[in-house]
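Engineer: Handing you a structure now.
Printed below as a string of structure tokens:
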């Protein structure tokens, strides 16, 4: 009986080695397919999801309908210390998108309500969130939900949308929101960025 155990142990060790090798190979393949590549090409137009806005109203804005009237030039921002953000971003100012859902009038941004203060939660596809105080966005054309980078749709690792802009706490530390998918208004809840 003692002679059988060494053989059983060897088989167990071999089996565990095979399982470990398969698991390692699978994890390496998975890692290669999910690496963020700054040079990645944009997703095809048909694959670009709408931007979801939630507030008093709810709206799904198709990628093609997100404007490009706002801009942030990361090449010119002296506080930008992030190489990946050294580009010209174009998109729609955050306050204009908030105006689509902040009250029952989707044609205007409710400045009075924004000045009273509420939270604006920016949610990325991986669950990362960043909160902005509504009092800080009034008239800020350079706080942008961007869809273009240097004139091209954002690369897949960064888009389809990215919140960018100068002069807010955290941005200097790298807190912009890439792979943005949702903007949610949280009345009565003011956290994160405060007026400067």
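In the numbering used here, the protein residues as written are 276 to 471. C-beta: ideal position from N, C-alpha, C; glycine also. Just so we're clear, the structure is a prediction, and the values are computed from it rather than from any experiment.
1. Looking at the unbroken beta strand (DSSP E) that takes in residue 396, where does it start and where does it end?
2. The alpha helix (DSSP H) with residue 369 in it runs from where to where?
3. Could you name the residues that DSSP lists as bridge partners for residue 346?
4. Along the chain, where does the beta strand (DSSP E) that runs through residue 455 open and close?
5. Report the rounded CA-to-CA distance for residue 392 versus residue 460, giving the unit in angstroms.
6. Between residue 330 and the ligand SAM, is the CB less than 6 Å from at least one heavy atom?
7. Closest to residue 440 by C-alpha separation, out of 347, 325, 456, 431, would be which residue?
8. Tell me which residues share the same chain as residue 449 and place their Cβ nearer than 7 Å to its Cβ, disregarding the 5 neighbours each side in the sequence.
9. For the beta strand (DSSP E) that residue 404 lies in, which residues bound it at each end?
10. Could you give the residue range of the beta strand (DSSP E) that holds residue 412?
11. How many angstroms separate the CA atom of residue 426 from the CA atom of residue 404?
12. Taking only three categories from DSSP, how would you classify residue 341?
13. Note down, in chain order, each residue of its chain lying with its Cβ closer than 7 Å to the Cβ of residue 331, except the 5 sequence neighbours on either side.
14. In the DSSP assignment, find the beta strand (DSSP E) that holds residue 327 and state where it starts and stops.
Structural biologist: Judging by the given coordinates:
1. 393-399
2. 369-373
3. 365
4. 455-462
5. 11 Å
6. Among the components of this structure there are no ligands whatsoever, and the ligand SAM is therefore not found.
7. 347
8. For residue 449, the predicted structure reports a pLDDT of 45, less than 50, and the residue's modelled location is therefore unreliable. The matter cannot be settled from this model.
9. 404-408
10. Here residue 412 belongs to no beta strand (DSSP E), and DSSP marks it neither H nor E.
11. 26 Å
12. coil
13. 376, 377, 378, 379
14. 326-329
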